[in-house]
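Protein chains in written order, with UniProt numbering: chain A, 1 to 174; chain B, 1 to 260.
Glycine residues also receive a C-beta, built at the ideal position from the N, C-alpha and C atoms.
The structure appears below as structure tokens.
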Amino acid sequence: MAAPESGDGNNGAARMVTLISSDNTRFEVEAAAASLSQTLQLTILDGGGGGGDGIPLPNVDSATLSKVLEYCIKHAPAAANGGAPNATAVDRAELERFDNEFVNIDQSVLYSLIMAAHNLEIEGLQSLVAKKVADMIKGKSPMEIRRTLGFPDPTPEEQAEMNAHMLEYGWAYE
Amino acid sequence: MLHQAPWRKEVAAAAGVDWISALPDDILVLILLRLDTIAEAARTSVLSRRWRRVWALLPVLLFPDGRHIREVLAASEAPALRLIFITTNDDTAESVAAWLPLAARRLSGDLTYNNRRQLERYEEEEGAVDQEQAVPLPCFESATTIDLDLGFLPLALPSSGEFARLAQLHLKRVRFHGRLKLGNVVSSPRCPVLRLLSVVDSFGLDTLTVHSKSLLKMELRPLNGFREITIDAQALKELILFNCFGRNQPVANIAAPELV
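Shown next, in the form of structure tokens:
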């Protein structure tokens with residue numbers, strides 16, 4: 001991916017870049033991992049993020065960035081293999097296990113992660129979090145979805161509105 | 001081993017704050033696209049006012065079982081509807097006539113419609129089917145591809161309007177109905193960027209006169225009754241006429257300098 005003169009030739013030492021969260025925490029990470037972000041990839045290919053510079057990420061706080069980077073570091077080797085056609089079934093199962101565990105999180109964290117995944121355009125993570133939320137909705141009644149997503153209990157007025165709406169959308173419940 | 005349903009844990013953690021509802025529309029749309037059916041996406045509209053119109057923004061509408069087409073298209077508010085894909089076994093002319101104008105109004109991408117309806121002995125039934133109400137084809141001002149297998153439903157072509165962005169028109173198992181000629185619709189004044197045109201396994205096409213500056217490829221495999229073709233297409237590179245003329249004396253006037 002990167003040209004040889006951009007640093008990969010240094011006796012196998014992986015090129016590192018620095019990312020700076022919105023609350024000014026610096027994260028040093030392999031360029032290959034950070035490049036899972038389409039947004040960062042361009043900057044990194046341009047030689048940015050190295051040395052003392054660092055790439056500021058004003059929309060991502062440190063707790064979220066640390067979580068995002070955990071994902072990127074785990075997925076970088078497979079991504080470097082172009083989706084890893086030669087990955088073993090064990091490797092794939094391990095990534096799947098990691099992914100499932102990774103999104104088994106509080107919804108406030110999930111929210112931040114979704115926003116960061118879109119902000120940084122990390123395709124695999126975008127799919128993972130979207131699938132996670134879709135799975136929370138699939139096959140459930142509206143009341144079950146409301147409970148799953150942590151809505152407050154409906155007021156009588158809201159409940160009446162929901163009932164009327166369900167009648168209007170009768171076709172969707174056939 | 002029995003695991004506790006994972007969402008129970010999330011409920012405990014997030015009770016009273018619906019974080020997911022706070023996501024922007026475009027992200028919620030990506031989530032709803034992962035549900036199994038449009039009906040399931042539509043059901044999220046009941047959750048709260050926040051969710052009321054989110055599902056209607058879906059840019060891709062798949063109807064693998066051909067159900068609820070009219071309801072969904074009537075509710076759609078997608079700023080750019082990229083794809084409508086429909087498969088059905090028994091859609092009627094009346095039903096198609098009801099949803100097709102809604103699709104025409106909203107679609108800025110591709111429409112694929114497969115009506116698998118079979119007519120076992122269509123030639124004998126031709127008279128009977130002609131009694132059927134024809135589906136009026138509305139003008140699709142923004143669609144880029146229209147691919148219709150009508151299952152031999154009768155189709156009436158629109159007498160006015162420009163298919164300004166239409167690059168591909170594929171008509172299969174259509175019964176052309178009414179006086180307006182297909183050539184009038186697909187020629188350059190009304191289809192200025194049409195590149196591919198195919199008419200396959202269809203009835204009621206007896207003559208075709210096309211004047212097009214944009215057409216690159218044309219394929220005609222009508223069923224019977226085809227008599228005369230006139231083509232004036234300066235960019236046309238490929239012309240496939242298959243089994244067109246039957247027992248008729250063929251008349252063909254073709255001016256297409258690029259044709260190889």
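Give the residues from the UniProt domain "SKP1 component dimerisation" (124-163) of chain A that approach chain B closer than 7 Å (Cβ to any Cβ), ordered along the chain.
Cβ contacts with chain B come from A130, K131, V133, A134, M136, I137, K138, P142, I145, R146, R147, T148, L149, G150, F151, P152, M162.
Considering only their Cβ atoms, is the gap separating B:R173 from B:F140 smaller than 8 Å?
Not closer than 8 Å, so no.
Figure out for me which residue from B:V29, B:N253, B:L169, B:E40 has the closest Cα to the Cα of B:P59.
Minimum Cα distance to B:P59 is reached at B:V29.
Which residues of chain B have a Cβ atom closer than 7 Å to the Cβ of A:I114, listed in chain order?
Result: L23, I27.
Between the beta-carbon of B:N115 and the beta-carbon of B:D65, is there less than 8 Å?
Against a cut-off of 8 Å, the Cβ pair of B:D65 and B:N115 comes out as no contact.
Answer with buried or exposed for B:F163, where buried requires no fewer than 16 other C-beta atoms within 10 angstroms of its C-beta.
Classification for B:F163: buried.
Quick one: any contact between the stretch 156-166 of chain A and the stretch 65-80 of chain A, if contact means 3 or more CB pairs under 8 Å?
These segments do not touch.
Under 8 Å between C-beta atoms, does B:D36 make it to chain A?
Cβ-Cβ to chain A under 8 Å: yes for B:D36.
Entirely within the UniProt domain "F-box" (20-59) of chain B and at least 4 residues each: give me those alpha helix (DSSP H) ranges in chain order.
Whole alpha helix (DSSP H) segments, 4+ residues: 25-32, 38-43.
Just verifying my parser: in three-state terms, what is the DSSP assignment at B:H170?
Three-state DSSP puts B:H170 in a strand.
Please state the DSSP three-state secondary structure of B:L197.
Correct three-state label for B:L197: strand.
Establish whether the CB of B:R18 and some CB of chain A are separated by less than 8 Å.
Reading the sequence as shown, one finds Asp at residue 18 of chain B and not Arg. Yes, B:D18 lies at the interface with chain A (some Cβ there is under 8 Å from its Cβ).
Using a C-beta cutoff of 8 Å, does A:A14 count as contacting chain B?
Cβ-Cβ to chain B under 8 Å: no for A:A14.
Mind listing the chain B neighbours of A:Y71? Cutoff is C-beta to C-beta under 8 Å, in chain order.
Correct list: empty, because the minimum Cβ distance to chain B is about 17 Å.
Kindly list, in the order they appear in chain A, the residues whose Cβ is closer than 8 Å to that of B:D43.
Correcting the residue identity first, residue 43 of chain B is Arg in this sequence and not Asp. Under the 8 Å cutoff, chain A gives P142, Y169, A172, Y173.
If you measure from the beta carbon of A:H165 to each beta carbon in chain B, is any gap under 8 Å?
Chain B, which has a Cβ nearer than 8 Å to the Cβ of A:H165, makes this yes.
Give a yes or no on whether the minimum CB-CB distance between B:I31 and chain A is below 8 Å.
It does; some Cβ of chain A falls within 8 Å.
Label B:I240 either buried or exposed according to how many other C-beta atoms from any shown protein chain fall within 10 Å of its C-beta, with 16 as the threshold for buried.
Answer is exposed; the Cβ neighbour count stays below 16.
How many angstroms separate the CA atom of A:V129 from the CA atom of B:I229?
Using only the alpha carbons, I get a separation of about 56 Å.
Which stretch, first to last residue, makes up the beta strand (DSSP E) that contains B:H211?
Note, B:H211: beta strand (DSSP E), 207-212.
Excluding the 5 residues flanking B:D201 on each side, which residues of the same chain have their C-beta closer than 7 Å to its C-beta?
Contacts found: K172, R173, R221, L223.
Could you tell me which of B:F203, B:D232, B:G204, B:L205 sits nearest to B:L216, measuring between CA atoms?
It is B:D232 whose Cα lies nearest to the Cα of B:L216.
Are the stretch 28-43 of chain B and the stretch 125-143 of chain A touching, with three or more C-beta to C-beta distances below 8 Å?
At 8 Å Cβ cutoff, the stretches touch.
Compare the C-beta of B:E71 with all C-beta atoms of chain A and state if any pair is closer than 8 Å.
Answer yes: the Cβ-Cβ gap between B:E71 and chain A drops below 8 Å somewhere.
Which residues in chain A sit within 7 Å of B:A39, going by Cβ to Cβ distance?
Chain A residues near B:A39: A172.
If you measure from the beta carbon of A:L110 to each beta carbon in chain B, is any gap under 8 Å?
Closer than 8 Å to some Cβ of chain B, the Cβ of A:L110 qualifies, so yes.
I'd like to know if A:H118 contacts chain B, where contact means its C-beta is closer than 8 Å to some C-beta of that chain.
Taking Cβ atoms only, chain B reaches closer than 8 Å to A:H118, which makes this a yes.
Given a cut-off of 8 Å, decide if B:V135 and B:L157 are closer than it, judged by their beta-carbon atoms.
No, the pair does not count as a contact, with Cβ atoms beyond the cut-off.
Taking DSSP as the reference, what is the three-state secondary structure of A:I122?
The answer is coil: DSSP assigns A:I122 none of H, G, I, E or B.
Cβ of B:H177 less than 8 Å from any chain A Cβ?
No - not a single Cβ of chain A is within 8 Å of the one on B:H177.
Need the endpoints of the alpha helix (DSSP H) that B:G183 sits in, please.
Element bounds for B:G183: 182-186.
Helix, strand or coil: how does DSSP classify B:E124 here?
Residue placement at B:E124 is poorly supported in this model, since its pLDDT is 48, which falls under 50; the coordinates still yield a value, given next. It is helical.
Please list the terminal residues of the continuous beta strand (DSSP E) segment that includes A:F27.
Segment 26-30, the beta strand (DSSP E) holding A:F27.
Anyone know if the C-beta pair for B:R227 and B:T207 falls short of 8 Å?
Cβ atoms of B:R227 and B:T207: closer than 8 Å.
Can you tell me which of the three DSSP states A:N163 falls into?
A:N163 falls in the helix class under three-state DSSP.
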